[in-house]
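Those sequence lines, one after another, are chains R and S.
Under our numbering, think of the first position of the first sequence as 1, with each following residue one higher.
Under our numbering, think of the first position of the second sequence as 1001, with each following residue one higher.
Contents: one structure, followed by commentary.
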Amino acid sequence: MRKNVTALFIIGFLVILFFTVRAFVDVVKGDWQAPTQVYVEDDDTRLVLITQQINTPFFDAVARGAIEQAEMEGASLEIVGDYSQNEEAFLNHLELAIHAKVDGIIVQGKDTDRFKELTKIKAAFYSIPVITIAEDVPMEESLRRTYVGSDQEEAGRMLANALVSQVDATGSVILLMDQSHPYIQTERLIGIDSVFNKYASLDVVMVESDTSREQIKEATQRLLNLYPDVEAILPLDAAFTEPMIDEITSRMRLSDVRIYSFDDAPDIYPLFNAGKIEALIQQTPEDMGRLSVELVFKWLNGETLPLDFDGYHTPISLIKRADTDAHD
Amino acid sequence: MHTIKRKVTLLAGSVIVILLTIWISLTFFNRQTQAQYNVILERYLVLNEVNQNSQLLMTDLNAYLNQPTEMTRSELIDDMDDLLQQEHNILKLEHQGNHYPLTNYINLVDSLIESMNRSLSLFDQDDPEAARLEFDDATRIQNYISETTLGLLNQELTTYEDFYRNMIGQSVKINRFGIWLLLLLVASVMLVTYLFQKSITRPIHQLTDAANALSRGEFDEAIYVDSKDELAFLGKTFNRMRININQLIEEIQTKAQLEKELQENKLLLQASQFRSLQSQINPHFLFNTLNTVSKKAYLEGSVETSDLLVNVADLLRYNLKQVDREVTLKDEIEVLRQYIAIQQARFGKRLHYVEIIDQSALDLPMPALTLQPIVENAVIHAIEKKREGGTVTLEIQNQADIIQVTIKDDGPGMTKETKQQLLDGSIVPKEGHSTGIGFNNVVKRLKLFYEADGIVTIDTVLSEGTAIHLTIPKIKG
C-alpha cells in the first residue's frame, strides 16, 4: 500500500517534470531573432523606377529587367508606383524621390506640366539624372537625360502598314486618341500618318476621348453610331483597347471590325490570345528595364557623356492574330 | 547521520530553491520579452518623434515668416538642431528590409532643412515671395516625411510580423511553462513532504509498536527502527532497555527460585532436627531401661537374657557416642561381635559368623561404626531373606602397606548396576538400620578419614554372594 502510494507520487512527479521540461525547452527554443540590423554602406547607388501602372505584365517585365541589371551593377533599385493610373500619386512619388535625393530616376514619361516642372526644376536642382522609360516626354520640356523604350513612330508605322495590308483601300479607319494628346500618342500618330498619307482613298477618322473607362465606352458608341461600316479601329493608347472591345462586343460581332493595338496595357495579351485583336505591336519591356539601369550607371560613372538625347530604342515586333510567333 | 534537523533544513531548502527557480526563470523570460517590447517601442517612438518635430518645425517657420522676431527665429533654429540630432537615431533603425525608405527618410529630413534654410535666407534678403514659395516646398517635403513615416511604420509592422507573432507565441509558452512549473512545485513539495514525513513517522510507528509490545510484557522481540536519524538512536536505547529489563526479570526469577528452595530446606532442617531430638531422648531412656532390665534379669537368674541386654545396651552406648570419633579396629570388632551376638539371638543357627583376624592389625585407627553397618547390610540381604540362613565372614589381613578388611556373605549377590548405584550412593538406605548409619555414609566417612579414594570395593556374583573390601592404607593420605 505504502509502496504503491510512493510509486504513484513519483510517477506523477516525473510526468509533471517531463511536461515542465518540454515547456521550458519550448520557451528557450523560441525564435527570438529580430530582423537583422544590416548597415548597408551609405554610398551605394540608389535608383528608383517610377511607373503609373505597377503590377501590370508590361511594367512587371520592365521592373524584372531593371532589377536584374541593378543587381549586376550592385545598386539598390526601388520600384514605386500606383496600381491605378492616379497621376497625382504618381507625381508625388516622383517628387518624393527627388527630395529623397536618390542617385537616379527612371520614370514612365508623363506629358503634363507638373511632371515637366518636377523633372526640369526640382530634379535638376538636386542634379538627379532622369531617364524616361516606355513613354517619352520631349527632352526640351523635361530635361530628361535620355529615353529608353520603343521607337513609337516606327511602332505606329509598323501597325499602320499591317492595317493597310489587311483592309480595303477605300474602307474607313478610326483612330482613337487621348484628348490630352500625350507625347507618346503624338509620336505614334506621326508614324501612322506617314503610312496613311500614301493611301489617300483611305477614310481615316480621328476620335478623341478622356482616359476614364466610361468616356472610352461612350466614344466607342459614338463612333459606331457615326461610322457603322467601320473596317478597322486603332487606339493610340493601349489602355483604350479593352473597354473599347468590351463596348463593341455588346453591340455587334467583333469579326466585323479589325482592331489594331499596342501592348503596353494590362489586358492586351488575353484579348489578343482570344483572337480579338488583329495585330499587335509587341514591345520588349525587359530590355527597357535593363537598358535604362545600364544607361543610368553609364551616366553616373561618366562613361557615356552625354547620353543620346534622341533615346535608345529597344526592339519591337508586330504579331498578327493566330500567328503570335511572327516577326515583321 | 541524517538528523531530523538536517531533514527539516533540506525540506525548507528545496522548497526555497524551487521557488527561486520559478521566480528567476519567469523573471528572466519576462525581462527578455520586455526588452524586445522596449526595442520595438523605441523604434516607433523615434520615427514618431522625427515626424512630430518636422511638423513643429513647419509651424515655427510659418510663425517666423509671419512674425519675424528674434524669439521665433531662435525657436526655429533650436528645433532644427533637434531634428538634426534625431537624424542619427533614425540611422539605428536600419535593417535589411528598410534601407531604401530609411535613406529616403533621412534625405527628406535633409531636404526639409535645406529648403527651410533657403526660405530663411530668401526672407532675410527681403524676398518674401520667394521665401513663401520655398516654404510651400518645405510643406510638401514635410508631407512626404509624414507619408514616409507612415510607410516606415507600416513596413516595420510587416517586417516584424513574424517577430511579433513569435513574441505572442512566446508569452503563451511562458505562461504554459509557468503553469507547469507551478504544478511541478506543488508536486515536488508534496513529494518531499511525503518522503520527509515517511522517514519520520515510520520509525515512530515502529517505536510505538515496540512500546506497545513492551507494555504487553513481550520482552523477547528485538526492537528495530528503520531509520538513520535520532529515532534510530532512540530505538537502540529502547532495545537496550528491553534487554536490561529482560535480564532483571530473569534475575528476579532465579532469586525467587532460590528463596523457595531455601525455605523448603529450612523446613526440612527443622523436621530433621525435631526428629533427631525425638531420637535423642529415646536412646538414653532406652539405655538406662536396658541396663535396669539386664540387672533385673541377672538377679532373677536369667543370665542369657541379661547378657543379651548388656550387648544391646553396649551397642546402644557405642552408637550414642559421637560418630566422628576415632576408634581402633579392635573396638570395631568388639562392637561387631556384640551386634552378631544380638542377631544370633534373633536368627539362631541361621546366622553363621566366621572371623579370620590378623592380630597385628588391630591397632589400626578408623572411624567409629564402620564395620557394623556393612555387616548389618550383609545380615539384612544375605541372612534375613534366606530361610536356611548363611555365613558372614570377617577377614582382616595385614599386608605390607595396607590392611585389607573383607566382609563376605553367601547371599543372592547384586547386579552390576546395583553395585554401581551402591558405590555412587544413589541407593537411598531403607529405614531399619539399627544404628541409623547406611553403607553410603560409611563410604563417605572412610574417604574423609583416610583422605583417599577407592577404599571400598565390591566383589559380587549373582546368587553366590558379595564381598566388600576395605583397603586401608597404613599411613594416612
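C-beta: ideal position from N, C-alpha, C; glycine also.
Predicted model only: the values in this text are computed from it and were never measured.
Within the same chain, Cβ atoms closer than 7 angstroms to the Cβ of S/Asp1226 are found at Arg1202, Pro1203 and Gln1206, the five residues on either side in sequence being excluded. Identification of residues in the segment 1122 to 1142 of chain S having a C-beta nearer than 9 angstroms to some C-beta of chain R yields Asp1137, Arg1140 and Ile1141, given in sequence order.
Nearest C-alpha to S/Asp1401 among S/Glu1134, S/Thr1370, S/Glu1384 and S/Pro1473: S/Pro1473. Residue-level contact check: R/Ile128 does not touch chain S, since none of the beta carbons of chain S fall below 7 angstroms from its beta carbon. Distance from the CA of S/Ala1138 to the CA of R/Pro129, rounded to the nearest whole angstrom, comes to 22 angstroms.
Going by C-alpha positions, R/Val15 is about 10 angstroms away from R/Val21. Nearest to R/Arg290 by alpha-carbon distance, out of R/Ile11, R/Gly65 and R/Lys29, is R/Gly65. The beta carbon of S/Ile1174 falls within 7 angstroms of a beta carbon belonging to chain R, placing the residue at that interface.
Between S/Asn1089 and S/Leu1152 the beta-carbon gap is near 13 angstroms, outside 8 angstroms, which marks them as no contact. Per the DSSP secondary-structure output, S/Pro1365 pairs in a beta bridge with S/Thr1328.
Beta-bridge analysis with DSSP links R/Phe262 to R/Ile281. Within chain R, no residue has its CB atom less than 8 angstroms from the CB of S/Phe1196, the nearest being about 12 angstroms off. Below the 8 angstroms Cβ cutoff, chain R contributes no neighbours of S/Tyr1044, its closest Cβ being approximately 14 angstroms away. With fewer than 16 neighbouring CB atoms inside 10 Å of its own CB, S/Asn1038 falls in the exposed class. The three-state reading of DSSP puts S/Thr1471 in strand, counting E and B together. By the C-beta density criterion, S/Gln1197 is exposed, having fewer than 16 other C-beta atoms within 10 angstroms. When DSSP states are grouped into helix, strand and coil, R/Ile128 belongs to the coil group. Nearest C-alpha to S/Leu1083 among S/Leu1056, S/Ala1063, S/Pro1101 and S/Lys1092: S/Leu1056. A residue is called buried once 16 or more other Cβ atoms fall within 10 Å of its Cβ, and S/Asp1424, having fewer, is exposed. The segment 135 to 143 of chain R and the segment 157 to 172 of chain R do not touch, with fewer than three beta-carbon pairs separated by less than 8 angstroms. Closest in C-alpha terms to S/Ala1210, from the list S/Asp1453, S/Ile1356, S/Lys1260 and S/Met1241, comes S/Met1241. For S/Ala1187, the closest Cβ of chain R is nearer than 7 angstroms. In chain order, Ile50, Val80 and Gly81 place their CB closer than 7 angstroms to the CB of R/His93, counting only its own chain and leaving out the 5 sequence neighbours on each side.
Within the segment 129 to 150 of chain R, no residue places its CB atom closer than 8 angstroms to a CB of chain S.
Residue nearest to R/Thr170 within the set R/Tyr147, R/Leu202, R/Phe18 and R/Pro306 is R/Leu202 (criterion: CA-CA distance). Per the Cβ contact rule, the segment 166 to 180 of chain R is in contact with the segment 234 to 250 of chain R (3 or more Cβ pairs under 8 angstroms). Annotated as proximal: S/Leu1061 and S/Met1116, with beta-carbon spacing under 7 angstroms.
In the DSSP assignment, S/Thr1460 falls outside any alpha helix (DSSP H) and within the unbroken beta strand (DSSP E) covering Val1456 to Val1461. Closer than 7 angstroms to the CB of R/Ala100 there is at least one CB belonging to chain S. With contacts defined by Cβ atoms closer than 7 angstroms, R/His181 and S/Leu1108 do not form a contacting pair.
Annotation: S/Asn1175 to S/Asp1078 spans about 48 angstroms, alpha carbon to alpha carbon.
According to the DSSP assignment, R/Arg213 belongs to the alpha helix (DSSP H) that extends over Arg213 to Leu226. For R/Ala155, the enclosing alpha helix (DSSP H) has its first and last residue at Gln152 to Gln166. When rounded, the separation of the alpha-carbon atoms in R/Asp264 and S/Ile1145 is 33 angstroms. Assignment of S/Tyr1064 by DSSP, reduced to helix, strand and coil, places it in the helix class. Taking 4 residues as the minimum length, the alpha helix (DSSP H) runs contained wholly in the segment 1335 to 1379 of chain S are 1371 to 1378, in order along the chain.
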